[in-house]
């Protein structure tokens, strides 16, 4: 395997880990709500597992990406995902202004990804 191919594979895997870590961020935020303030033991355990997975993915991704890139993408995925889940699962109402800012956040995440090449 050439060095260039290896670098591209590592870079792609780094982004995959970062995206998965962001999705785990959504997972633990959602299950924390389901844990009812950590009073439900089952959902509390699931929340902690999600937290560990999320932080682990960020740690792995930050080995190959600057933290100034990895952290905003990680939190952005968590924020956007949490808003979407709260609307779908918990039937929270969002006004159009909120959706505009969610869309801006998505555009920002994509912009960070593109500029990190």
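Residue numbers (the working numbering): 173 to 289. Just so you know, even glycine gets a beta-carbon here, dropped at the ideal spot from N, CA and C. All of these numbers come straight from a predicted model, not from anything done at the bench.
Own chain, CB closer than 6 Å to residue i, minus 5 neighbours either side, in chain order
i           : result
residue 234 : 242
residue 179 : Confidence in residue 179 is poor, its pLDDT being 49 and thus under 50, which makes the residue's placement unreliable; the coordinate value appears in the next sentence. Excluding residues within five positions, none has a Cβ falling inside 6 Å.
residue 218 : 203
residue 176 : With a pLDDT of 49 at residue 176, under the threshold of 50, the modelled position of that residue is not reliable, and the figure given next carries that caveat. Result list for residue 176: empty, nothing under 6 Å.
residue 254 : 198 and 201
Where residue i sits in the DSSP three-state scheme
i           : result
residue 349 : No information on residue 349 is available, as it lies outside the stretch 173 to 289 that the chain covers here.
residue 184 : helix
residue 191 : helix
residue 179 : For residue 179, the pLDDT reaches just 49, beneath the cut-off of 50, and the residue's location in the model is therefore unreliable, although a value from the coordinates is still provided. Helix, per DSSP.
Buried or exposed by the 16-neighbour rule on C-beta atoms within 10 Å, applied to residue i
i           : result
residue 199 : buried
residue 271 : exposed
residue 287 : exposed
residue 213 : exposed
residue 252 : buried
residue 248 : buried
residue 250 : buried
7 Å CB neighbourhood of residue i in its chain, flanking five on each side removed
i           : result
residue 257 : 198 and 202
residue 244 : 284
residue 193 : 226, 229, 230, 233 and 246
residue 216 : 207 and 210
residue 196 : 222, 225, 226 and 229
Same chain, Cβ closer than 8 Å to residue i, five either side skipped, listed in chain order
i           : result
residue 183 : 236
residue 268 : none
- prompt: Which whole runs of the beta strand (DSSP E) in the stretch 201-276 are 3 residues long or more, in chain order?
  reply: none
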